[in-house]
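J.: The sequence shown begins at 1097 in this note's numbering and counts up one residue at a time. A virtual CB, placed ideally from N, CA and C, is assigned to each residue, including glycine. Quick one: the structure is below, questions incoming.
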Amino acid sequence: MMHYRGMITLTLLLLLSSFVLLSLLFFDDVLRLHLGITAQRKSYLAHNLPLQRISYEQKKTICQTLGLDNDNKSERMIFENGEENDRTSDFLWCKRIFLLKSTPKKALYEGEFDLYIDERALPALRAKLEFPASNAATDRNDHFYWFDAEQSEWEINGNINAVVVAQGDLTLSGKGKISGAVITKGVLKKADAVQLVYRKATVSEMWRAFSYWQLAEKSWYDFNPL
């Protein structure tokens, strides 16, 4: 009987020892995993904090370096760590704001100012607008002429390539041709000798030129999506 009890005790001790050993091995693996994660986090912070500082310093100006001679409406900007064997990167998106909501497809949009003009873009682009003199220039360059609500008359003497936008009514007198597009908020009146002709090249050029880039809200991230 004593021999039997001794075997049971020995078996229990062996099982307990095995359990303790397995527990130690398990907790050792957990500890190693924790230490590995901690080391990776320290490495990530060491490499990514400088990138975050660079992206934070440049995010207000980097979008303004993008060109306007294209049809792009958004661009992803990448900040990379210059160290060898380090592939950490930060990203942000720039979005493009257009004064013309879309490119006109015909010569005249009478009373459709609100459909085609984004007035929220005006403060940033007002300095680029051409406020026409009493007589229109006659050259082959593309122009963007802007008429405030109180400017309602314009004399044409020759042919021009232009997008003409009026915040109110507009009366065109004289003789000549406007190749491009005319957009008014009010009524358009014109002399019989004034022609309006759609010109895609002028419209496309002005659509691009009267735009600007800005940082998209909440667009910064530090991972490369699949």
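Relative to the C-alpha of Asp1167, which candidate in Met1302, Ala1312, Glu1313 and Lys1314 has its C-alpha closest?
T.: Taking the first residue of the sequence shown as position 1, residue 1167 is located at position 71. Taking only the C-alpha atoms, the option nearest Asp1167 is Met1302.
J.: Tell me, please, which residues DSSP counts as bridged to Asn1166.
T.: Stepping through the sequence shown from its first residue, residue 1166 is reached at position 70. Partner(s): none; Asn1166 has no beta bridge.
J.: State the DSSP-derived secondary structure class of Val1283, mapped to helix, strand or coil.
T.: Start at 1 with the first residue of the sequence shown, and residue 1283 comes out as number 187. Correct three-state label for Val1283: coil.
J.: Is DSSP giving Gln1291 helix, strand or coil here?
T.: Translated into positions along the sequence shown, residue 1291 becomes position 195. Gln1291: strand per DSSP, three-state reduction.
J.: Please name the residue or residues paired with Ser1275 in a DSSP beta bridge.
T.: On the sequence shown, residue 1275 is found 179 positions in, with the first residue counted as 1. The partner list for Ser1275 (beta bridge, DSSP) reads Asn1257 and Val1293.
J.: Which stretch, first to last residue, makes up the alpha helix (DSSP H) that contains Asp1210?
T.: For this step, residue 1210 is matched to residue 114 along the sequence shown. Phe1209 to Tyr1212 is the extent of the alpha helix (DSSP H) around Asp1210.
J.: State the DSSP-derived secondary structure class of Lys1191, mapped to helix, strand or coil.
T.: Mapped onto the sequence shown, residue 1191 falls at position 95. In the structure shown, Lys1191 sits in a strand (DSSP, three-state: E or B).
J.: Buried or exposed: where does Phe1227 fall if 16 or more other Cβ atoms within 10 Å of its Cβ makes it buried?
T.: The count along the sequence shown starts at 1 and reaches residue 1227 at position 131. It is exposed - the Cβ of Phe1227 has fewer than 16 other Cβ atoms within 10 Å.
J.: Should Trp1189 be flagged as near chain D, meaning a C-beta pair shorter than 8 Å?
T.: Of the protein chains in the structure, only one exists, and it is not chain D.
J.: By a C-beta neighbour count over all protein chains shown, 10 Å radius and 16 as the cutoff for buried, is Asp1235 buried or exposed?
T.: The residue you call residue 1235 lines up with position 139 of the sequence shown. Under this definition Asp1235 is an exposed residue.
J.: Indicate whether the contact test is met: 3 or more Cβ pairs, each with one atom in the stretch 1210–1229 and one in the stretch 1283–1296, closer than 8 Å.
T.: With a cut-off of 8 Å, the stretch 1283–1296 and the stretch 1210–1229 do not count as touching, because too few Cβ pairs lie within range.
J.: Can you give me the C-alpha to C-alpha distance between Asn1237 and Val1293, rounded to a whole angstrom?
T.: To locate residue 1237, count along the sequence shown from 1; it is residue 141. To locate residue 1293, count along the sequence shown from 1; it is residue 197. Their Cα atoms are separated by approximately 16 Å.
J.: If you draw a straight line from the alpha carbon of Asn1187 to that of Ile1158, how long is it in whole angstroms?
T.: For the purposes of this step, residue 1187 is identified with residue 91 of the sequence shown, where counting begins at 1. For the purposes of this step, residue 1158 is identified with residue 62 of the sequence shown, where counting begins at 1. Looking at the sequence provided, one finds Phe at residue 1187 rather than Asn. Cα-Cα distance, rounded: 12 Å.
J.: Taking DSSP's pairing of strands, which residues face Gly1270 in a bridge?
T.: To locate residue 1270, count along the sequence shown from 1; it is residue 174. Gly1270 is bridged to Ile1252.
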